[in-house]
Amino acid sequence: MERLDGTRGRLVGRRWERTTLDDMVTAVAGGRSAALVLRGEAGIGKTALLDYVGDHAPGCQVVRIAGIEAEAELAFGGLHRLCEPFREHFDRLPVPQRSALETAFGLSAGTPADRFLVGLAVLSLLAEAAARQPVVCLIDDAQWLDRISAQILSFVGRRLLAERVVLLFAVREPVVGDALTDLLALRIEGLGDHDARTLLARGCPGRVDDRVLDRILAESQGNPLALLELPREVTAAQLAVAAGGLDDHSLAGQIEQGFRRRLGSLSSEAQLLVLLAAADPVGDVALLRRAATQLDIDIVAAGAEAQAGDLLTVGTMVRFRHPLVRSAAYRSATTSQRRHVHRALAEATDPEHDPDRRTWHLASAAGHPDEEVASALELAAARARARGGAAAAAAFLDRAAELTPDPHRRGSRALAAAQAKSEAGEFGEALELLDDLATLPLNKREHALAELVRGRSLFAFRSASAGLPSLLAAAKQLEPVDRGLATETYRDAFYAALTAGRLPDEVGVEQVAAAILAMRRPTDPACSDLLLEGVSRITVAGYAQGAPLVHRALAAYRTGEFSPADRLGWLPLACRLAHNTWEFDAWSTLSARLVELAVDAGALAVLPSALLLRLSNRVYAGDLAASDALVAQAATLGEVTGSSFFAHYGAVVVEPWRGDETRTRQAIDLITSDPLLRGEGKTLTATEWAAAVLYNGLGRYDEALAAARRGSAYPQELGLSTWSMVELVEAAARLDRPAEAAEAVRHIEDMAAVSGTDWVRGTAAYVSALVADGPVAEQRYRDAIELLERTGVRMLTARAYLVYGEWLRSEQRRGEARECLRQAYTLLSDLGADGFAERARRELAAAGAATSARATGRRVVDAASLTAQEMQIARLAADGLTNSEIGAQLFISAHTVEWHLRKVFGKLGIRSRRHIAAKLGK
Numbered sequence: 002m003e004r005l006d007g008t009r010g011r012l013v014g015r016r017w018e019r020t021t022l023d024d025m026v027t028a029v030a031g032g033r034s035a036a037l038v039l040r041g042e043a044g045i046g047k048t049a050l051l052d053y054v055g056d057h058a059p060g061c062q063v064v065r066i067a068g069i070e071a072e073a074e075l076a077f078g079g080l081h082r083l084c085e086p087f088r089e090h091f092d093r094l095p096v097p098q099r100s101a102l103e104t105a106f107g108l109s110a111g112t113p114a115d116r117f118l119v120g121l122a123v124l125s126l127l128a129e130a131a132a133r134q135p136v137v138c139l140i141d142d143a144q145w146l147d148r149i150s151a152q153i154l155s156f157v158g159r160r161l162l163a164e165r166v167v168l169l170f171a172v173r174e175p176v177v178g179d180a181l182t183d184l185l186a187l188r189i190e191g192l193g194d195h196d197a198r199t200l201l202a203r204g205c206p207g208r209v210d211d212r213v214l215d216r217i218l219a220e221s222q223g224n225p226l227a228l229l230e231l232p233r234e235v236t237a238a239q240l241a242v243a244a245g246g247l248d249d250h251s252l253a254g255q256i257e258q259g260f261r262r263r264l265g266s267l268s269s270e271a272q273l274l275v276l277l278a279a280a281d282p283v284g285d286v287a288l289l290r291r292a293a294t295q296l297d298i299d300i301v302a303a304g305a306e307a308q309a310g311d312l313l314t315v316g317t318m319v320r321f322r323h324p325l326v327r328s329a330a331y332r333s334a335t336t337s338q339r340r341h342v343h344r345a346l347a348e349a350t351d352p353e354h355d356p357d358r359r360t361w362h363l364a365s366a367a368g369h370p371d372e373e374v375a376s377a378l379e380l381a382a383a384r385a386r387a388r389g390g391a392a393a394a395a396a397f398l399d400r401a402a403e404l405t406p407d408p409h410r411r412g413s414r415a416l417a418a419a420q421a422k423s424e425a426g427e428f429g430e431a432l433e434l435l436d437d438l439a440t441l442p443l444n445k446r447e448h449a450l451a452e453l454v455r456g457r458s459l460f461a462f463r464s465a466s467a468g469l470p471s472l473l474a475a476a477k478q479l480e481p482v483d484r485g486l487a488t489e490t491y492r493d494a495f496y497a498a499l500t501a502g503r504l505p506d507e508v509g510v511e512q513v514a515a516a517i518l519a520m521r522r523p524t525d526p527a528c529s530d531l532l533l534e535g536v537s538r539i540t541v542a543g544y545a546q547g548a549p550l551v552h553r554a555l556a557a558y559r560t561g562e563f564s565p566a567d568r569l570g571w572l573p574l575a576c577r578l579a580h581n582t583w584e585f586d587a588w589s590t591l592s593a594r595l596v597e598l599a600v601d602a603g604a605l606a607v608l609p610s611a612l613l614l615r616l617s618n619r620v621y622a623g624d625l626a627a628s629d630a631l632v633a634q635a636a637t638l639g640e641v642t643g644s645s646f647f648a649h650y651g652a653v654v655v656e657p658w659r660g661d662e663t664r665t666r667q668a669i670d671l672i673t674s675d676p677l678l679r680g681e682g683k684t685l686t687a688t689e690w691a692a693a694v695l696y697n698g699l700g701r702y703d704e705a706l707a708a709a710r711r712g713s714a715y716p717q718e719l720g721l722s723t724w725s726m727v728e729l730v731e732a733a734a735r736l737d738r739p740a741e742a743a744e745a746v747r748h749i750e751d752m753a754a755v756s757g758t759d760w761v762r763g764t765a766a767y768v769s770a771l772v773a774d775g776p777v778a779e780q781r782y783r784d785a786i787e788l789l790e791r792t793g794v795r796m797l798t799a800r801a802y803l804v805y806g807e808w809l810r811s812e813q814r815r816g817e818a819r820e821c822l823r824q825a826y827t828l829l830s831d832l833g834a835d836g837f838a839e840r841a842r843r844e845l846a847a848a849g850a851a852t853s854a855r856a857t858g859r860r861v862v863d864a865a866s867l868t869a870q871e872m873q874i875a876r877l878a879a880d881g882l883t884n885s886e887i888g889a890q891l892f893i894s895a896h897t898v899e900w901h902l903r904k905v906f907g908k909l910g911i912r913s914r915r916h917i918a919a920k921l922g923k
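Under this note's numbering, the first residue of the sequence shown is numbered 2, with each subsequent residue one higher.
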């Protein structure tokens with residue numbers, strides 16, 4: 002509502018905006034949710050519209066907060082204020098979510114939680130509160146929320162659906178670094194001429210010359226605050242001047258300048274009180290009184306004077322006439338005045354109750370290096386990091402470095418700030434801070450840590466190839482000072498090298514492996530040491546030299562107990578090596594455990610790659626239904642994180658088996674055009690393997706062979722190249738080019754001689770049969786089927802029946818061929834491998850068997866018209882997960898899960914989740 006004299010008045014105009022907001026509140030009362038961002042310039046009426054919603058939301062719990070510029074560096078500050086009214090519901094949250102939220106708010110100690118787990122906790126909290134009564138959250142001046150609060154509320158807004166919750170934000174534009182851009186926005190424009198004249202008439206006492214009114218209307222451009230404030234600040238004579246209008250400043254600048262003039266008309270004591278209130282982000286009257294006492298201010302008299310000037314009111318809370326008053330008061334003050342009030346606020350703030358805010362005031366009051374304040378900032382950074390507020394920790398540490406007198410300590414704190422920036426995902430700023438370290442003295446360990454932060458930041462910010470040299474350099478520098486961290490850094494360097502694959506800039510996987518092997522071996526190596534040494538020996542000395550060490554490490558990882566951090570750090574590499582050393586059971590167990598750990602921890606830095614490792618395993622297991630669910634989960638993560646890369650990668654792994662060339666090529670095109678692919682050779686290898694699978698299934702062996710050649714050309718990429726070798730042998734055999742397949746066959750047979758698992762022995766028999774003749778070929782086909790049937794690798798087992806049947810037909814043994822091909826067709830159809838199933842059907846027909854298209858296992862309930870998310874939720878429910886567990890996996894509330902399940906029941910014609918599995922064909 003446009004304000005006339007510090008109180009709410011009737012809203013003028015805004016009929017369309019009011020209708021939109023009314024509809025939103027009505028929908029929330031009916032069980033839906035909504036998130037909306039009101040965007041516009043200062044004074045355009047965003048706050049008035051928030052007031053309108055707050056006054057017209059009958060039966061709703063209305064919670065209102067405002068972002069405050071001075072609080073923008075205090076992690077979770079805005080989120081904490083928003084959630085505080087719902088504290089009674091904390092105990093109803095799932096334990097991991099409650100722990101994450103309490104840790105973030107500093108209510109309990111614990112491991113810093115991923116911000117998305119905190120976001121899920123906030124989503125669940127609002128849903129719990131809304132179960133009793135719809136919730137309307139009004140967030141004014143959202144551009145000044147602390148960064149992590151804004152990111153989490155944006156996440157919550159994107160995941161709302163059926164919780165009976167409204168999130169309504171107001172953002173003053175222009176704004177830099179807006180975290181709310183993914184949410185639906187309503188742009189608030191100036192009032193129309195009629196409404197503008199109506200509002201202007203309210204703000205102009207007495208009769209005013211029409212020319213003056215016209216000039217105000219022209220200058221204000223329908224801005225309500227300008228229509229109310231400009232008449233108070235500009236004389237008729239000024240307005241009558243023909244040239245130039247009011248001045249050359251922006252409208253917000255004009256209004257703020259007007260507030261500055263009104264501030265200047267106050268007594269010095271009242272001005273100081275307004276500045277004191279502007280420097281305090283809380284609006285706590287008790288705190289203001291204590292600080293005013295420190296400055297010998299008569300708060301009653303000074304407050305009355307400020308209220309009479311329509312600048313602020315001091316009631317149960319301190320409330321400014323408009324956020325621009327706060328800006329005007331703070332920006333117009335001198336540096337010494339600001340320091341003066343911050344010092345008073347620091348003295349008035351309870352160090353036990355709010356140590357971080359007190360420390361920030363002390364830092365703002367400091368005018369020269371001060372070790373005591375710098376140390377306090379360092380402690381505040383540690384508290385922020387413990388809550389998961391890496392961005393806030395970086396701000397504290399950056400300021401601590403500025404205030405540190407000793408250059409050595411200043412270097413340590415500046416390095417810590419860069420590290421925190423990198424952890425917060427602000428990689429560009431982290432790299433800038435690292436460049437500034439060049440002039441500061443660092444010890445050997447700090448030099449190594451700086452290189453480590455640089456490597457990790459470059460990996461994330463640019464590419465694996467860009468970060469790899471720094472990671473390797475850091476690992477070497479860390480060896481003599483911190484062997485444990487050196488080992489972890491070598492792991493990161495090796496993973497970066499695997500990711501870069503065929504596209505290294507300066508350093509490749511061989512150089513990393515050689516450096517690892519040059520490191521002094523521990524007398525009692527841990528699992529991680531065995532894993533790293535094993536994969537390095539495979540890379541440098543050959544498979545036989547390293548695989549036994551990897552087998553030992555995998556056995557320990559399958560049975561041992563490790564810390565969650567250790568498992569999340571090492572399990573991704575363990576999963577890749579389980580595949581590379583042909584341990585299917587270990588791959589299955591460890592990939593499932595990795596996904597579970599990542600979900601429980603809300604570790605979105607790990608979860609996408611965990612899902613892809615699990616997805617590849619499920620594809621080889623022939624469980625394309627589970628693979629679909631994992632691709633859908635990757636797509637959900639893409640919605641959460643803003644990246645579609647992992648969903649596209651998942652489609653590249655799954656779609657080739659279905660024989661759909663259009664969808665496979667589309668997935669390949671999407672992933673190769675994704676900016677996240679920069680410097681990632683392994684992804685190019687994956688696309689070549691996918692094309693080889695597709696074309697082998699379609700019987701287009703020339704194209705399959707060409708793709709398989711490219712996919713197997715870089716054996717240093719580990720497992721991926723071996724997958725392509727299998728496809729190369731099959732395509733070359735079908736084209737009668739056994740010599741081209743010979744090297745790949747020897748490579749796989751050599752691996753079988755070392756690893757000896759049924760999977761690798763069965764695969765070796767499979768590929769060698771393809772290039773053999775007569776009884777030798779037949780025996781190897783039989784061996785392949787027998788060995789592979791002992792494993793969980795159902796996809797290759799089904800293909801073994803197919804190639805054996807094709808061989809039998811070529812030998813004119815049509816009866817045996819029909820039996821074998823029918824088995825292949827049945828298996829491949831049931832698995833949903835439509836491309837290979839169609840190849841089997843064609844072979845069956847050629848062998849003289851009557852065939853018809855068979856319903857495949859791709860999507861049993863397509864006819865039920867389930868959406869992708871409904872299918873995903875239905876599958877998880879069929880697996881026995883509760884609504885809360887499903888919500889945790891999909892980053893939605895349990896209430897939204899229930900809403901989707903009701904739709905699933907209706908479409909499937911069932912009344913209970915007990916019947917879902919049967920309907921899905923599980």
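Just so you know, even glycine gets a beta-carbon here, dropped at the ideal spot from N, CA and C. Bear in mind the structure is a predicted one, so any value in this text is a computation, not a measurement.
Cβ-based burial, residue i [other Cβ within 10 Å; buried from 16]
| i | result |
| --- | --- |
| Glu42 | buried |
| Val301 | exposed |
| Arg262 | exposed |
| Gln780 | exposed |
| Val96 | exposed |
| Ser913 | exposed |
| Glu433 | exposed |
| Leu240 | Summary for Leu240: the model assigns pLDDT 44, below 50, so the residue's position carries little reliability, and this model does not support an answer. |
| Trp17 | exposed |
| Gly68 | buried |
| Ser365 | buried |
Residue i vs residue j beta-carbon contact at 9 Å
| i | j | result |
| --- | --- | --- |
| Leu654 | Ala687 | The sequence as given places Val at residue 654; Leu does not occur at that position. Going by C-beta atoms, Val654 is nearer than 9 Å to Ala687. |
| Ala130 | Phe87 | yes |
| Ala514 | Lys683 | no |
| Leu161 | Ala28 | no |
| Gly223 | Leu184 | no |
| Leu572 | Ala611 | yes |
| Asp367 | Arg340 | With the sequence shown as reference, residue 367 is identified as Ala, and Asp is not the correct amino acid for it. Yes, the pair counts as a contact, with Cβ atoms nearer than the cut-off. |
| Phe647 | Phe117 | no |
| Ser471 | Gly485 | no |
Residue i to residue j span [Cα, whole Å]
| i | j | result |
| --- | --- | --- |
| Gln873 | Leu121 | 18 Å |
| Thr199 | Gly14 | 9 Å |
| Phe460 | Ser466 | 7 Å |
| Ala431 | Ala418 | 8 Å |
| Ala385 | Glu372 | 20 Å |
| Val632 | Ala732 | 28 Å |
| Ala110 | Gly389 | 11 Å |
| Arg876 | Leu435 | 47 Å |
Beta bridge counterpart(s) of residue i as assigned by DSSP
| i | result |
| --- | --- |
| Phe462 | Its beta-bridge partners do not exist; DSSP assigns none. |
| Gly41 | Arg173 |
| Thr314 | Arg320 |
| Gln62 | Val136 |
Taking one C-beta from the stretch 132-145 and one from the stretch 155-168 each time, how about it: are there three or more such pairs within less than 8 Å?
yes
When you compare the stretch 767-785 with the stretch 799-814, are there three or more beta-carbon pairs, one atom per stretch, that lie closer than 8 Å?
yes
Do the stretch 510-526 and the stretch 727-735 make contact, defined as three or more Cβ pairs closer than 8 Å?
no
Okay, do the stretch 342-352 and the stretch 303-312 touch, 3+ Cβ pairs below 8 Å being the bar?
no
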